[in-house]
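Participant: Per the numbering used here, the very first residue in the sequence shown carries number 5; after that it's consecutive.
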Amino acid sequence: VKDAYAILVDGNINGKSGGEFAKRARVDGIKAPIILVSSDPERYEEYREYFTEMHHKERIVKNLESLLNRIEKLNTTQKA
C-alpha cells in the first residue's frame with residue numbers, strides 16, 4: 005500500500021470501517037490519496053480529515069452510467 009497512487013475504500017474494508025482504515029493508514033504514514041465511496045458518506049464525517057475525497061455511491065454509479073452511455077454512442081457513431 006505504501007507505493008499506491010490512490011486508495012479507494014467503501015464503508016467496510018476487512019471488517020473495519022472505511023474511516024478506521026483511512027485513519028490507520030495516515031497514522032502509518034500513507035500519503036496516497038484515500039477516497040471514500042459510500043451510500044452514506046455523512047456517517048464518516050468524524051473521519052473527514054483522513055480522506056482526500058468523500059463521494060456518495062449512488063452519484064458515482066450515475067456518473068459512470070452516463071460516461072458509459074457516452075462512450076457507447078461514440079463507438080456507434082464511429083462505426084457508422
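Idealized CB from N, CA, C, for every residue including glycine.
Let's see if you can read the secondary structure: which residues bound the beta strand (DSSP E) around residue 34?
Facilitator: Counting along the chain, residue 34 falls outside any beta strand (DSSP E), and DSSP gives it neither H nor E.
Participant: Closest to residue 12 by CA distance: which of 46, 74, 40, 63 is it?
Facilitator: That would be 40, whose Cα lies nearest to the Cα of residue 12.
Participant: Quick one: give me the first and last residue of the alpha helix (DSSP H) that residue 57 is part of.
Facilitator: Element bounds for residue 57: not the alpha helix (DSSP H) but the beta strand (DSSP E), 57-60.
Participant: Give me the DSSP bridge partner(s) of residue 11.
Facilitator: Bridge partners of residue 11: 38.
Participant: Provide the residue(s) that pair with residue 20 in DSSP beta bridges, ordered along the chain.
Facilitator: DSSP lists 17 as partners of residue 20.
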